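Asks:
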Amino acid sequence: MSEKTLTRMDLSEAVFREVGLSRNESAELVETVIQHVSDALVRGETVKISSFGTFSVRDKSARMGRNPKTGDEVPISPRRVLTFRPSHLMKERVASGTKG
Numbered sequence: 001m002s003e004k005t006l007t008r009m010d011l012s013e014a015v016f017r018e019v020g021l022s023r024n025e026s027a028e029l030v031e032t033v034i035q036h037v038s039d040a041l042v043r044g045e046t047v048k049i050s051s052f053g054t055f056s057v058r059d060k061s062a063r064m065g066r067n068p069k070t071g072d073e074v075p076i077s078p079r080r081v082l083t084f085r086p087s088h089l090m091k092e093r094v095a096s097g098t099k100g
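Count the sequence shown with UniProt numbering and you get residues 1 to 100, in order.
1) Using alpha carbons as the reference points, say which of 64, 60, 90 lies closest to residue 51.
2) Just to confirm, is the Cβ distance from residue 53 to residue 79 under 8 Å?
3) I need the boundaries of the alpha helix (DSSP H) containing residue 39, first residue and last residue.
4) Skipping 5 residues on each side, what residues in its chain have a beta carbon closer than 7 Å to that of residue 67?
5) When the Cα atoms are used, what is the spatial distance from residue 16 to residue 4?
6) Taking the runs of the beta strand (DSSP E) that are 3 residues or longer, which of them lie wholly in the stretch 38-77?
7) Assign residue 6 to one of three DSSP states: helix, strand, or coil.
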């Protein structure tokens with residue numbers, strides 16, 4: 001498995017090379033897209049990107065958990081969690097190791 005991490009800078013560079021925008025415009029475009037996705041998730045909206053996957057926010061209710069070290073029951077407070085569900089196409093691409 002690869003140790004490489006895809007960063008904002010990598011995305012900006014890819015937009016620069018593939019689309020032909022300037023480096024500054026490419027960076028702004030990537031930031032704008034990330035901001036739109038983040039804002040939608042904060043509002044509780046689902047973000048669905050075709051052939052990639054779906055990001056959604058779930059509200060988890062309070063429950064009793066257990067400290068694995070001591071075995072004591074501990075209350076877990078309610079919270080919002082971000083989930084990602086890859087599309088079938090993405091699952092197949094990852095499993096086969098092929099690039100798009």
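C-beta atoms are modelled at their ideal positions from N, C-alpha and C, and glycine is treated no differently. This one's a predicted model, so the numbers in the text were calculated from it and none came from an experiment.
Replies: Let me lay it out:
1) Ranking 64, 60, 90 by Cα distance to residue 51 puts 90 first.
2) In this structure, residue 79 does not lie closer than 8 Å to residue 53 by Cβ.
3) Counting along the chain, the alpha helix (DSSP H) containing residue 39 begins and ends at 23-42.
4) Closer than 7 Å at Cβ, skipping near neighbours: 74.
5) Taking the CA atoms as reference points, residue 16 sits about 20 Å from residue 4.
6) With a minimum length of 3 residues, the continuous beta strand (DSSP E) runs that stay inside the stretch 38-77 are 47-49, 53-60, 63-66, 73-76.
7) DSSP places residue 6 in coil when its eight states are reduced to three.
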